[in-house]
Each structure stands twice: as C-alpha cells, then as structure tokens.
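Trainee: Let me give you the structure first, and then I'll get to my questions.
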Amino acid sequence: MMYRTPILLAAYLVALAASQTITPENTLTNPDPGAVLPRSGFQILPKRAPPKKTPPKVSPLQKECKDINIKEGPSVSKGHPAQQLLTASCNIPGTNKKQNSELSLDRCLGWHKNDDGSGRLLAQKHGGGLSKAGGECSTCRYLNSNPNMLCYCAKVCDNEKTYMNPATATWTGPVFYNLCKCSGSHIWTVF
C-alpha cells in the first residue's frame, strides 16, 4: 500500500511526459496549464560538430629527418666541453635514399649574453654557442617537445645553476632551445 501511490504517480507522470510533443515551432500540442514553458523565440539548436584538430607544426628538420638525437663528440681541445653533435637519418633531396648525418651544434648556434650575466642560444652560422667562447654548454638532449633541445650551460645566472658537470667539475644550469628555429636557416646549409 505504501509503494502503490508513488508508483501510480510515476506512471502518470511518464504518460503525461510522453504525450507532450514539441512541434518545429517549439510549442506544445497539449499544453499543461501548470507547466513552465520556454520563452517565445526559444530554439533547440543542433549539436555542434567537435572542434577540428589541427595537426602539430612540423619543422623541415622533423619532416626530412628521423631518429634525431644529440650525442657527445670529441672535445675540441683540453679544458673545453665535448662537442654536442646532432645526429639524424635524413632524406637526400631528389632521391628516395636516406643518409646518416652528423652536425656539431656549434656550427649553427651562437650565444647571446644578457645584461644580467645570463645568456641564451640563438641561430647563428658558425656561432660557437656551446663552446667555451659561447655558453660553455654540455650534456645536451633532444626532446620530443617544444622547445626540443635542452643543454646545461655554465654561463647562466648563479641562481639557475643546478647541475654539476662531472667531466669539468663546473656548475651549470638548464638552457632550452627550439632547433626548429635553426633548421629553417642554418642547419640545412651545413648538414
């Protein structure tokens, strides 16, 4: 007996809701005098299409080369950090062949010294940006992100130095750079 009333009430409400249809003009055919109706001019809009996914930007370096990596090469001279070499398997233009390539990053990166004593890498042909004359950078890594290169450089502000290079016993700090900036201009002329 206790459940009969709510069940009958629920059945009545379901039947009432099913009998109320919406016409294209958004008016009810059997309006209930106690029902709250939408304002005049109310429209039910169609579902929005999902947003278009734009493909990520791909640099010429990433488009033409695969297996991109940075490795240590030989030191230019005693007391200098080891060369940082960009390696990749790249397409040979005009053919279907690939070639393994290796480039010293000092050939396409320079170092800009800031007024506060820190610095940053920049695209510069034969810039020597990673060498002792530049930012004294080592332990570079290629990242699958943007920026896509991380190096630890000695010529950064003291409060940014977080890593001691065991080979040189020098405190260094992280410096990020986007090799895509370099690839459009200098890297292809020297690769």
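Numbered according to mature numbering (1 follows the signal peptide of the UniProt record, and there is no 0), the sequence shown spans residues -19 to -1, 1 to 172. No residue lacks a Cβ here, since even glycine has one placed at the ideal position from N, Cα and C.
If you run the structure through DSSP and keep just helix, strand and coil, what is ASP48?
Mentor: Within the sequence shown, residue 48 is the residue found at index 67, counting from 1. It is a strand residue.
Trainee: If we call anything under 8 Å between Cβ atoms a contact, is LEU67 one with LEU86?
Mentor: On the sequence shown, residue 67 is found 86 positions in, with the first residue counted as 1. On the sequence shown, residue 86 is found 105 positions in, with the first residue counted as 1. Yes, these two residues count as a Cβ contact at 8 Å.
Trainee: Quick one: grab the DSSP three-state call for CYS138.
Mentor: As a first step, residue 138 must be located in the sequence shown, where it is residue number 157. Three-state DSSP puts CYS138 in coil, outside helix and strand.
Trainee: Mind listing, in chain order, the continuous beta strand (DSSP E) runs of no fewer than 3 residues lying wholly within the region 81 to 125?
Mentor: Counting whole runs of 3 or more residues, the region 81 to 125 contains the beta strand (DSSP E) stretches 90 to 94, 100 to 104 and 118 to 123.
Trainee: Which word fits SER119, buried or exposed, when buried means at least 16 other C-beta atoms lie within 10 angstroms of its C-beta?
Mentor: Here residue 119 corresponds to residue number 138 of the sequence shown, with the count starting at 1. With 16 or more other Cβ atoms within 10 Å, it is buried.
Trainee: With 16 other CB atoms within 10 Å as the buried threshold, where does VAL171 fall?
Mentor: Looking up residue 171 in the sequence shown gives position 190. Low per-residue confidence applies at VAL171: pLDDT is 43, beneath 50, and the placement is therefore not dependable, though the value from the model is reported in the following sentence. Exposed: under 16 other Cβ atoms inside 10 Å.
Trainee: Using the Cα positions of CYS138 and GLY109, report the straight-line distance between them to the nearest angstrom.
Mentor: Against the sequence shown, residue 138 aligns to sequence position 157. Against the sequence shown, residue 109 aligns to sequence position 128. CYS138 and GLY109: Cα-Cα distance of roughly 20 Å.
Trainee: If you run the structure through DSSP and keep just helix, strand and coil, what is PRO155?
Mentor: Position 174 of the sequence shown, counted from the start, is the residue given in the question as residue 155. The answer is strand: DSSP assigns PRO155 an E or B state.
Trainee: Can you tell me the Cβ-Cβ gap for LYS47 and ALA69, rounded? I've got them flagged as a contact below 8 Å.
Mentor: The count along the sequence shown starts at 1 and reaches residue 47 at position 66. The count along the sequence shown starts at 1 and reaches residue 69 at position 88. Yes, they are in contact, since the Cβ atoms of LYS47 and ALA69 sit about 7 Å apart, within 8 Å.
Trainee: Considering just the uninterrupted stretch of the beta strand (DSSP E) at ALA63, what are its terminal residues?
Mentor: Taking the first residue of the sequence shown as 1, we reach residue 63 at position 82. Element bounds for ALA63: 63 to 72.
Trainee: Give the range of the beta strand (DSSP E) segment to which ASN129 is assigned.
Mentor: Locating residue 129 in the sequence shown gives position 148, counting from the first residue. No beta strand (DSSP E) holds ASN129; DSSP gives it neither H nor E.
Trainee: So, is LYS28 buried or exposed, given that buried needs 16 or more other C-beta atoms within 10 angstroms?
Mentor: Here residue 28 corresponds to residue number 47 of the sequence shown, with the count starting at 1. When all chains shown are included, LYS28 counts as exposed.
Trainee: Let me confirm a value: PRO62 is counted as buried when at least 16 other C-beta atoms fall within 10 Å, else exposed. Which label applies?
Mentor: Stepping through the sequence shown from its first residue, residue 62 is reached at position 81. It is buried - the Cβ of PRO62 has at least 16 other Cβ atoms within 10 Å.
Trainee: Enumerate in chain order the residues of its own chain whose CB-to-CB distance from ASN159 is below 8 Å, with the five nearest sequence positions on each side excluded.
Mentor: For this step, residue 159 is matched to residue 178 along the sequence shown. Same-chain partners within the cutoff: ASN127, PRO128, ASN129 and MET130.
Trainee: From CYS89 to ALA148, what distance separates their C-alpha atoms?
Mentor: By one-based count along the sequence shown, residue 89 stands at place 108. By one-based count along the sequence shown, residue 148 stands at place 167. Distance between the alpha carbons of CYS89 and ALA148 is about 24 Å.
Trainee: Between the alpha carbons of ASN72 and LYS79, how many angstroms are there, rounded?
Mentor: Residue 72 sits at position 91 when you count from the first residue of the sequence shown. Residue 79 sits at position 98 when you count from the first residue of the sequence shown. Computed Cα separation, rounded: 4 Å.
Trainee: Quick one: give me the first and last residue of the beta strand (DSSP E) that GLY146 is part of.
Mentor: In the sequence shown, counting from the first residue as 1, residue 146 sits at position 165. The amino acid occupying residue 146 in the given sequence is Asn; Gly does not appear at that position. 144 to 146 is the extent of the beta strand (DSSP E) around ASN146.
Trainee: With DSSP as the reference, identify every bridge partner of residue 173, one or two as the case may be.
Mentor: There is simply no residue 173 to check, as the chain begins at -19 and stops at 172 in what is shown.
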